[in-house]
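First residue of the sequence shown? That's 159 in our numbering, and the numbers climb one at a time after it. Accompanying notes for the structure given below.
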Amino acid sequence: MTDIIVQIIFGWPAIITSILLSIAGIVLKKPTLLVVAGFIGIPFAAYITAGSHLPGLLLPFFQFGSAFAVKRQKTLMAWLLVAPMILSALMLAYVVLTQ
């Protein structure tokens, strides 16, 4: 049972949920969704930071910054701040699928 919970918290369900909430938060102009997405993305960021020495823990802060940009009506900036989370998930998916 604990294996399933760990996979949900650190795995693809959390990554996909975080990205979808980020997209919904920008499209619907709801900064609260972006803040929730940032909190959901923290375990994923910790996971990819543990595997390498990249500053992966900064990824949720980009989502929090995106929430601030949405609040200030800066949609383009919000999309640019969400892009690192999406790109890191895509890079991880590429690594996993090419093994």
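Just so it is clear, CB atoms sit at the ideal spot from N, CA and C, and this is done for glycine as well. Keep in mind that this is a model prediction, so the values were computed, not measured.
Taking the Cα positions, V253 is about 11 Å away from S246.
Shortest Cα-Cα distance from A203 to any of A241, I173 and I162 involves I173. Taking 8 Å as the cut-off, the Cβ atoms of M235 and Q221 do not count as close. DSSP places Q165 within a helical segment (H, G or I) once states are collapsed to three.
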